[in-house]
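Enquirer:
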Amino acid sequence: MRRLEEEGEVAADYLEELLDIVDLDGDIDIDVENGRASVAIVAEGGSDRELRKLVGPGGEVLEALQDLSRLAVQAKTGERSRLMLDVAGFRAARRKALEEQAARACEEVQRTSQPLRLEPMSAFERKVVHDVVADAGLVSESEGEDPARRVVIFPASA
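Pasting the structure below:
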């Protein structure tokens with residue numbers, strides 16, 4: 001637990017410097033969730049509009065910042081990090097939308113008994129879908145290569 005807290009603190013320091021460089025205001029929240037450090041940049045005044053620049057189209061900038069934060073942690077601790085970064089609640093909102101989409105997809109697979117291929121997703125997004133599928137008692141696997149890697153949901157009897 002202490003190692004994960006240290007990861008969060010190292011990433012928070014790195015991200016605070018980044019916010020200073022790009023002249024953006026934000027608070028940084030550190031937590032440990034599901035066995036990994038979790039860092040979130042949230043708006044100080046309640047307006048996420050400026051912070052959204054750090055998310056980018058489809059979360060591309062957020063993914064890059066997460067990778068850079070993980071590298072900063074690795075450089076400081078010597079350990080590979082699985083740290084999760086969220087900016088302006090983007091990842092939390094995306095998780096909720098994916099859970100709803102995955103639940104609908106599971107219902108369709110159960111109704112039709114046919115496999116269903118979803119659109120390409122990031123590793124984070126695929127993990128969310130795999131968790132929902134498992135909770136529904138169905139089977140899923142990832143296929144393809146990034147950036148076109150996708151989840152395929154199979155009926156339970158497949």
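Following our numbering, the residues of the sequence shown are numbered contiguously, the last one being 158. Note that the Cβ used here is the ideal one computed from N, Cα and C, for glycine as well. In this text the structure is predicted, and so the values were computed from the model without any measurement.
How many whole angstroms separate the CB atoms of residue 98 and residue 125, which I take to be in contact at a CB cut-off of 8 Å?
Expert: Walking along the sequence shown from the start, residue 98 turns up at place 98. Walking along the sequence shown from the start, residue 125 turns up at place 125. At roughly 6 Å, the Cβ-Cβ gap stays under 8 Å, so residue 98 and residue 125 are in contact.
Enquirer: Give me whichever residues DSSP pairs with residue 28 in a beta bridge.
Expert: The residue labelled residue 28 in the question sits at position 28 within the sequence shown. BP columns for residue 28 point to 41.
Enquirer: On the criterion of 16 or more Cβ atoms from any shown chain inside 10 Å, does residue 82 qualify as buried, or is it exposed?
Expert: As a first step, residue 82 must be located in the sequence shown, where it is residue number 82. Under this definition residue 82 is an exposed residue.
Enquirer: Residues in the same chain with beta-carbon distance under 6 Å from residue 66, minus the five sequence neighbours each way, listed in chain order, please.
Expert: Start at 1 with the first residue of the sequence shown, and residue 66 comes out as number 66. If we look at residue 66 and ignore the five residues flanking it on each side, its Cβ neighbours are 85.
Enquirer: Rank 156, 108, 130, 7 by C-alpha distance to the C-alpha of residue 76 and give the top, closest one.
Expert: To locate residue 76, count along the sequence shown from 1; it is residue 76. For the residues 156, 108, 130, 7, the minimum Cα distance to residue 76 belongs to 7.
Enquirer: Exposed or buried, what is residue 121 when buried is set at 16 or more other beta-carbons lying within 10 Å of its beta-carbon?
Expert: In the sequence shown, residue 121 corresponds to position 121, counting from 1. By the neighbour-count rule (16 or more Cβ atoms within 10 Å), residue 121 is buried.
Enquirer: To the nearest angstrom, how far is the alpha carbon of residue 41 from that of residue 69?
Expert: As a position in the sequence shown, residue 41 is number 41, starting the count at 1. As a position in the sequence shown, residue 69 is number 69, starting the count at 1. Residue 41 and residue 69: Cα-Cα distance of roughly 12 Å.
Enquirer: The alpha helix (DSSP H) with residue 133 in it runs from where to where?
Expert: Counting from 1 along the sequence shown, the entry for residue 133 is found at position 133. 123–135 is the extent of the alpha helix (DSSP H) around residue 133.
Enquirer: For the 8 Å Cβ check, are there 3 or more pairs between the region 18–37 and the region 91–109?
Expert: Cβ pair count under 8 Å is below three, so no.
Enquirer: Give me, in chain order, the residues of the same chain whose beta-carbon lies closer than 7 Å to that of residue 171; leave out the 5 immediate sequence neighbours on both sides.
Expert: The question about residue 171 has no answer, for the chain in this structure spans 1 to 158.
Enquirer: Just the Cα atoms here: how many angstroms apart are residue 117 and residue 152?
Expert: Along the sequence shown, read from residue 1 onward, the residue named residue 117 stands at position 117. Along the sequence shown, read from residue 1 onward, the residue named residue 152 stands at position 152. Computed Cα separation, rounded: 4 Å.
Enquirer: Look up residue 154 in the DSSP assignment and give the residues it is bridged to.
Expert: For the purposes of this step, residue 154 is identified with residue 154 of the sequence shown, where counting begins at 1. Answer is 139, bridged to residue 154.
Enquirer: Assign residue 19 to one of three DSSP states: helix, strand, or coil.
Expert: Mapped onto the sequence shown, residue 19 falls at position 19. If DSSP states are grouped into helix, strand and coil, residue 19 belongs with the helices.
Enquirer: Let me know the secondary structure DSSP gives residue 55 once reduced to three states.
Expert: On the sequence shown, residue 55 is found 55 positions in, with the first residue counted as 1. Three-state result, residue 55: coil.
Enquirer: Taking the beta strand (DSSP E) that residue 86 falls in, what are its first and last residues?
Expert: Here residue 86 refers to the residue found at position 86 when the sequence shown is read from its first residue. Here the beta strand (DSSP E) through residue 86 covers 84–87.
Enquirer: Distance, Cα to Cα, residue 44 vs residue 26?
Expert: Position 44 of the sequence shown holds residue 44. Position 26 of the sequence shown holds residue 26. In a straight line, the C-alpha of residue 44 is about 5 Å away from that of residue 26.
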